[in-house]
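Here the numbering used here is used: the first residue of the sequence shown is 3, the next is one more, and so on.
A short write-up of the structure that comes next.
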Amino acid sequence: MKTLQLLVLGLLLSVATSSQAQVNLNVTIGTAPSWGPSGYDNAEYYYLPDVASYYDVQASQFIYYGNGKWIRARRLPVQYNNYDLYGGYKVVLTDYHGKTPYTHYKEHKVKYTKGYKGKPQKNIGSKYDKKVYSKKNKDNNGHGKSKH
3 MKTLQLLVLG LLLSVATSSQ AQVNLNVTIG TAPSWGPSGY DNAEYYYLPD VASYYDVQAS
63 QFIYYGNGKW IRARRLPVQY NNYDLYGGYK VVLTDYHGKT PYTHYKEHKV KYTKGYKGKP
123 QKNIGSKYDK KVYSKKNKDN NGHGKSKH
């Protein structure tokens, strides 16, 4: 019965809202990380040449190859714990729209080798911003240190 009441209330609110002039709804699926390059508000993926990995901006996930398959994770693999995302170069993939940027991995790996530097980049934020980076509580990736 309670579910029916909530459904009716939702329907009434919907009708009332649609009778007004216009309703704006902005939904942000993913936000670029502070270490991301500025000026690319609509970027979907970055390729990180130094660690041969991708970053999915909308899903806030890294994509890297390991154990014979492509893996999506919130962090880079342990061997890159000391990798500085703020200092590393990010190739913004402006010509790819889909779910598997690694389908072009062979080309990306050849075109953007480890140590690749294209045109100068400025990060969206700084790893030294108090909101983003605290040397005592964060690692170089801007993640909280885990307790083992």
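Here a beta-carbon is modelled for each residue, glycine too, at the ideal position from N, C-alpha and C.
Three or more beta-carbon pairs separated by less than 8 Å are not found between the stretch 70–84 and the stretch 34–47, which leaves the two stretches without contact. Using a C-beta cut-off of 8 Å, the stretch 84–91 makes contact with the stretch 116–129, since at least three inter-stretch Cβ pairs fall below that distance.
The alpha-carbon separation between Asp43 and Gln63 amounts to approximately 17 Å. When secondary structure is reduced to three states using DSSP, Lys71 falls in the strand class. For the pair Gly32 and Gln81, the Cα-to-Cα distance works out to about 26 Å.
Exposure of Pro122 is indicated by the presence of fewer than 16 other C-beta atoms within 10 angstroms of its C-beta. Closest option to Leu78, judged by alpha-carbon separation, among Ser55, Asp131, Pro35 and Val94: Ser55. Closest in alpha carbon position to Lys113, among Val93, His99 and Asp131, is Val93. Distance from the CA of Thr115 to the CA of Tyr98, rounded to the nearest whole angstrom, comes to 19 Å.
The Cβ atoms of Pro103 and Ile65 sit closer than 8 Å to each other.
Shortest Cα-Cα distance from Lys111 to any of Trp37, Asp131, Gly41 and Val53 involves Val53.
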